[in-house]
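Structural data, given as structure tokens:
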């Protein structure tokens with residue numbers, strides 16, 4: 001029972017490089033989310049997908065793009081990484097908005 | 001004023017103590033409330049989910065919501081060293097995404 005799987009677990013990027021964070025869930029959830037977690041600031045929503053085929057901006061979308069590839073998968077792309085994007089990134093899913101979220105184990109990203 | 005406020009701690013208690021963790025919020029439209037536990041370098045895991053006001057109990061954990069005071073609490077009875085973690089509160093209005101507090105770091109000392 002995998003739940004929410006995120007890859008990679010760790011990544012170091014140079015400023016200006018691009019990368020895609022992958023997320024997949026096996027719970028048949030409708031909604032998926034990308035958060036970043038920084039010390040003292042808690043979890044901040046980057047983008048979300050309320051249902052397959054839809055995506056919307058969250059609180060801190062600048063510098064990111066997302067793709068809801070299918071019901072299971074929701075990827076986050078950094079087109080030109082900046083040191084301010086150094087963070088821990090979490091993907092989450094829920095059956096629908098207002099329902100409890102299941103989180104992945106996170107991706108630790110460092111941009112140098 | 002932040003939408004959700006939570007004392008960051010750290011909070012240190014002896015094993016067996018009753019722990020009280022709290023969050024305050026400003027948005028009176030919030031109706032859905034969650035508590036998460038996050039171990040170091042792990043993802044958050046859902047502990048308690050409540051709707052509207054009242055209490056909910058699950059084993060050693062009790063979640064309490066006081067909408068009139070815009071205040072929620074998580075009580076942990078007979079705390080164990082394995083309860084040492086960061087506890088996040090989260091809340092949302094109908095049809096809206098959850099807003100998370102910054103978390104309270106708890107340390108239960110053997």
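Residue numbers (the numbering used here), protein chains in the order written: chain Z, 1 to 112; chain W, 1 to 110.
The beta carbon of each residue, even a glycine, is placed where N, CA and C say it ideally should be.
If I measure Cβ to Cβ from residue i and keep anything under 8 Å in the same chain, skipping five residues before and after, which residues do I get?
i, result
"residue 113 of chain Z", "For chain Z, the structure presents residues 1 to 112; residue 113 of chain Z sits outside this window and is missing."
"residue 9 of chain Z", "105, 106, 107, 108"
"residue 77 of chain Z", "18, 19, 20, 21, 64, 65, 66, 67"
Output the boundary residues of the beta strand (DSSP E) element that contains residue i.
i, result
"residue 63 of chain W", "61 to 66"
"residue 41 of chain Z", "Unbroken run through residue 41 of chain Z: none, as it is neither H nor E."
"residue 5 of chain W", "4 to 6"
"residue 15 of chain W", "Run containing residue 15 of chain W: none; DSSP gives neither H nor E here."
"residue 16 of chain Z", "No beta strand (DSSP E) holds residue 16 of chain Z; DSSP gives it neither H nor E."
"residue 65 of chain Z", "64 to 68"
"residue 2 of chain Z", "From DSSP, residue 2 of chain Z is part of no beta strand (DSSP E); its letter is neither H nor E."
Determine the closest residue to residue i out of the options, with distance taken between C-alpha atoms.
i, options, result
"residue 48 of chain Z", "W:102, W:97, W:109, W:110", "W:97"
"residue 18 of chain W", "W:3, W:47, W:106, W:75", "W:75"
"residue 35 of chain Z", "Z:89, Z:98, Z:51, Z:97", "Z:89"
"residue 8 of chain W", "Z:41, Z:87, Z:64", "Z:41"
"residue 83 of chain W", "W:108, W:94, W:65, W:93", "W:108"
"residue 3 of chain W", "Z:52, Z:59, Z:79", "Z:59"
"residue 79 of chain W", "W:44, W:91, W:33, W:59", "W:59"
"residue 110 of chain W", "W:81, W:33, W:62", "W:81"
Ordered along the chain, which non-local residues of its own chain (more than five positions away) have a Cβ less than 7 Å from that of residue i?
i, result
"residue 6 of chain W", "23, 89, 101, 102, 103, 104"
"residue 4 of chain Z", "23, 25, 91, 92, 93, 102, 103, 104"
"residue 2 of chain Z", "26"
If you count every other CB in all the chains shown that lies within 10 Å of the CB of residue i, and 16 or more means buried, which is it?
i, result
"residue 20 of chain Z", "exposed"
"residue 53 of chain W", "exposed"
"residue 40 of chain W", "exposed"
"residue 37 of chain Z", "buried"
Between which residues of its own chain and residue i is the CB-CB distance below 6 Å, once the five residues before and five after are set aside?
i, result
"residue 29 of chain W", "93"
Note to self: Any contact between the region 23 to 30 of chain W and the region 71 to 90 of chain W? By contact I mean 3 or more CB pairs, one from each, below 8 Å.
What the structure shows: Yes: the two stretches touch, three or more of their Cβ pairs being nearer than 8 Å.
Next item on the list: Count the CB pairs spanning the region 18 to 27 of chain Z and the region 4 to 22 of chain W that are closer than 8 Å, and state whether there are at least three.
Entry: Not touching, per the Cβ criterion.
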